[in-house]
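Enquirer: Oh and the sequence shown: position 237 is 237 in the UniProt record's numbering, straight run, nothing missing.
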Amino acid sequence: MEGPSCPTDPMFDHNPWFKTVLPDYKELDTASLPAGYDSGCEFTSVCINTAMYLQWLVGQCLKNGVILKRAIISHIREAKSYSHTGKPADIIINTTGLASLKLGGVEDQAMAPSRGQIVLVRNVLPTMITTSGTEEGIAEILYTMQRPAGGGTILGGTYDIGNWESVPDPNIALRIMRRVVELCPGIADGKGIDGLSVVRHGAGLRPYRKTGVRVERDRLDDGTHLVHNYGHAGWGYQGSYGCAEGVVELVNEIRRENGQSLEGEPRLFCWDTQ
Numbered sequence: 001m002e003g004p005s006c007p008t009d010p011m012f013d014h015n016p017w018f019k020t021v022l023p024d025y026k027e028l029d030t031a032s033l034p035a036g037y038d039s040g041c042e043f044t045s046v047c048i049n050t051a052m053y054l055q056w057l058v059g060q061c062l063k064n065g066v067i068l069k070r071a072i073i074s075h076i077r078e079a080k081s082y083s084h085t086g087k088p089a090d091i092i093i094n095t096t097g098l099a100s101l102k103l104g105g106v107e108d109q110a111m112a113p114s115r116g117q118i119v120l121v122r123n124v125l126p127t128m129i130t131t132s133g134t135e136e137g138i139a140e141i142l143y144t145m146q147r148p149a150g151g152g153t154i155l156g157g158t159y160d161i162g163n164w165e166s167v168p169d170p171n172i173a174l175r176i177m178r179r180v181v182e183l184c185p186g187i188a189d190g191k192g193i194d195g196l197s198v199v200r201h202g203a204g205l206r207p208y209r210k211t212g213v214r215v216e217r218d219r220l221d222d223g224t225h226l227v228h229n230y231g232h233a234g235w236g237y238q239g240s241y242g243c244a245e246g247v248v249e250l251v252n253e254i255r256r257e258n259g260q261s262l263e264g265e266p267r268l269f270c271w272d273t274q
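(1) Decide if residue 223 is buried, meaning its Cβ has at least 16 other Cβ atoms within 10 Å, or exposed.
(2) Using a 10 Å radius around the Cβ and a threshold of 16 neighbouring Cβ atoms, would you call residue 177 buried or exposed?
(3) Classify residue 274: buried if its beta carbon has 16 or more other beta carbons within 10 angstroms, exposed otherwise.
(4) Determine, using beta carbons only, whether residue 292 and residue 159 come nearer to each other than 9 Å.
(5) Within 10 angstroms of its Cβ, does residue 140 collect 16 or more other Cβ (buried), or is it exposed?
(6) Put residue 339 into one of helix, strand or coil per three-state DSSP.
(7) What does the alpha-carbon distance come out to for the pair residue 42 and residue 79?
(8) Since residue 174 and residue 144 are thought to touch, with beta carbons under 8 Å apart, how far apart are those beta carbons, to the nearest angstrom?
(9) Evaluate residue 2 with the Cβ neighbour count: other Cβ atoms within 10 Å of its Cβ, from every protein chain shown; 16 or more gives buried, anything less gives exposed.
(10) So residue 193 and residue 155 are in contact, right, with Cβ under 8 Å, and what is the actual spacing, rounded?
(11) Name the two residues that bound the continuous beta strand (DSSP E) containing residue 238.
(12) Report yes or no: do the stretch 93–113 and the stretch 129–139 share at least 3 C-beta pairs separated by less than 8 Å?
(13) When the Cα atoms are used, what is the spatial distance from residue 22 to residue 45?
(14) Kindly confirm or deny that the stretch 106–113 and the stretch 239–246 touch, where touching means at least three C-beta pairs closer than 8 Å.
(15) To test your reading of the DSSP string, which unbroken alpha helix (DSSP H) runs of 4 or more residues are found completely within the stretch 100–188?
(16) Under the DSSP definition of a beta bridge, which residues are partnered with residue 91?
(17) Quick check on residue 203: does DSSP put it in helix, strand or coil?
(18) By the 10 Å Cβ neighbour count, where 16 or more other Cβ atoms means buried, how is residue 112 classified, buried or exposed?
(19) Taking the Cβ atom as the reference point for each residue, do residue 64 and residue 114 lie within a distance shorter than 9 Å?
(20) Between 53, 26, 232, which has its C-alpha nearest residue 96's C-alpha?
(21) Taking 9 Å as the cut-off, decide whether the C-beta atoms of residue 120 and residue 248 are in contact.
(22) In this structure, what does DSSP give as the bridge partners for residue 26?
(23) Hey, how far is the Cα of residue 62 from the Cα of residue 81?
(24) Specify the secondary structure class of residue 263 as computed by DSSP and reduced to three states.
(25) Between the beta-carbon of residue 217 and the beta-carbon of residue 250, is there less than 9 Å?
(26) When the Cα atoms are used, what is the spatial distance from residue 142 to residue 31?
(27) In chain order, what residues of the same chain have a beta carbon less than 6 Å from the beta carbon of residue 261, not counting five sequence neighbours either side?
(28) Under a three-way DSSP split, which group does residue 194 fall into?
(29) Ignore the nearest five residues each way along the sequence and tell me which others in residue 165's own chain have a CB closer than 8 Å to its CB.
What follows is the structure, given as structure tokens:
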């Protein structure tokens, strides 16, 4: 798989792919747009509290018999020795994200960090908002996401490719908050930045890949099968189910080549057809 990794580009297409998928997609007329914006659309989507969701995923893995181990490796071949069977693994799934840039045996030079900085506030803003750019340049963007279950509201952000800095920049934080309260003054009861109740500032490094996500087969020098699944940039959660399905398809392809019968195995996802 190859293609753009930046998650915001398709959202602003004149004829977006999701236009016919979402039942309530609507183009906004000029009167419905905030001042300074030329066009826009609205639709119903999904927002998750990632801190809770990740713990739920771990629980689902344990429930289904997955054995979790923590280790530090410098080369992908070292993962062979961590199979719960006590024998070398036949297939390794590489989901190391940004680490695929430096991990021995992978060392994908198409990988780079895409720095994202956010502000988490207690204030409520039920509507998720994303804009196509800001006056501060292409590295700074504007988006808001209210986390379910009292998780606060995320104010963003940046999409700064090649920037490895993991410490939040206070000047960027001020610009993020200023942009949000100017566009949505109600989030702070009209009090501007002073009306925001800040929980914390954060910065993270998205696993950006210049040539797009990599979901494909590979092999080690000793013949061990590899299946790669990395380079999702800022859309890892959104694309996780589809990419996971692609990985399973590739693993089953290898298993069939090795003479294994897959008859009677459970469906991958509940929406799969019989």
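Don't be surprised by glycine CBs; every beta carbon is placed ideally from N, CA and C. Note that the structure is predicted; figures quoted are calculated from it, not measured.
Expert: Checking against the coordinates, here is how it stands:
(1) For the purposes of this step, residue 223 is taken as the residue at position 223 of the sequence shown. So residue 223 ends up on the exposed side.
(2) As a working mapping, residue 177 is identified with position 177 in the sequence shown. So residue 177 counts as buried.
(3) By 1-based counting over the sequence shown, the position of residue 274 is 274. Caution applies to residue 274, whose pLDDT of 47 falls short of 50 and renders its modelled position unreliable; the value that the coordinates give is listed next. It counts as exposed.
(4) Past the edges of the chain, shown from 1 to 274, lies residue 292, and the structure says nothing about it.
(5) Here the question's residue 140 lines up with position 140 in the sequence shown. The residue is buried, with at least 16 neighbouring Cβ atoms inside 10 Å.
(6) With the chain covering 1 to 274 only, the question about residue 339 has no answer from this structure.
(7) Sequence index remark: in the sequence shown, residue 42 carries index 42 (1-based). Sequence index remark: in the sequence shown, residue 79 carries index 79 (1-based). Looking at the two C-alpha atoms, the distance is approximately 45 Å.
(8) Sequence index remark: in the sequence shown, residue 174 carries index 174 (1-based). Sequence index remark: in the sequence shown, residue 144 carries index 144 (1-based). The pair is not a contact, with the Cβ atoms about 16 Å apart (cut-off 8 Å).
(9) Stepping through the sequence shown from its first residue, residue 2 is reached at position 2. Because the pLDDT of residue 2 is 43, which lies under 50, any placement of that residue in the model is unreliable, and the number read from its coordinates should be weighed accordingly. Residue 2 should be labelled exposed.
(10) In the sequence shown, the residue the question calls residue 193 occupies position 193. In the sequence shown, the residue the question calls residue 155 occupies position 155. About 11 Å separates the two Cβ atoms, so there is no contact after all.
(11) Indexing the sequence shown from 1 puts residue 238 at position 238. Taken as a continuous stretch (DSSP letters only), residue 238 belongs to no beta strand (DSSP E), being part of the alpha helix (DSSP H) at 236–257.
(12) no
(13) Locating residue 22 in the sequence shown gives position 22, counting from the first residue. Locating residue 45 in the sequence shown gives position 45, counting from the first residue. Straight-line Cα distance between these residues: approximately 8 Å.
(14) no
(15) 170–183
(16) Start at 1 with the first residue of the sequence shown, and residue 91 comes out as number 91. DSSP, once it has assigned bridges, lists 225 as partnering residue 91.
(17) Within the sequence shown, numbered from 1, the residue matching residue 203 stands at position 203. Correct three-state label for residue 203: strand.
(18) By 1-based counting over the sequence shown, the position of residue 112 is 112. Buried, since its Cβ has 16 or more Cβ neighbours within 10 Å.
(19) Translated into positions along the sequence shown, residue 64 becomes position 64. Translated into positions along the sequence shown, residue 114 becomes position 114. The answer is no: Cβ separation not under 9 Å.
(20) As a position in the sequence shown, residue 96 is number 96, starting the count at 1. Comparing Cα-Cα distances from residue 96 to each of 53, 26, 232, the minimum goes to 232.
(21) As a first step, residue 120 is located in the sequence shown; it is residue number 120 there, counting from the start. As a first step, residue 248 is located in the sequence shown; it is residue number 248 there, counting from the start. No.
(22) Translated into positions along the sequence shown, residue 26 becomes position 26. Paired residue(s): 42.
(23) Counted from its first residue, the sequence shown places residue 62 at position 62. Counted from its first residue, the sequence shown places residue 81 at position 81. Computed Cα separation, rounded: 21 Å.
(24) Here residue 263 refers to the residue found at position 263 when the sequence shown is read from its first residue. Reduced to three states, the DSSP call for residue 263 is coil.
(25) In the sequence shown, counting from the first residue as 1, residue 217 sits at position 217. In the sequence shown, counting from the first residue as 1, residue 250 sits at position 250. Going by C-beta atoms, residue 217 is nearer than 9 Å to residue 250.
(26) In the sequence shown, counting from the first residue as 1, residue 142 sits at position 142. In the sequence shown, counting from the first residue as 1, residue 31 sits at position 31. Using only the alpha carbons, I get a separation of about 21 Å.
(27) In the sequence shown, the residue the question calls residue 261 occupies position 261. Taken in chain order, the list of residues that qualify is empty.
(28) In the sequence shown, counting from the first residue as 1, residue 194 sits at position 194. Residue 194 falls in the helix class under three-state DSSP.
(29) By 1-based counting over the sequence shown, the position of residue 165 is 165. Correct list, in chain order: 115, 203.
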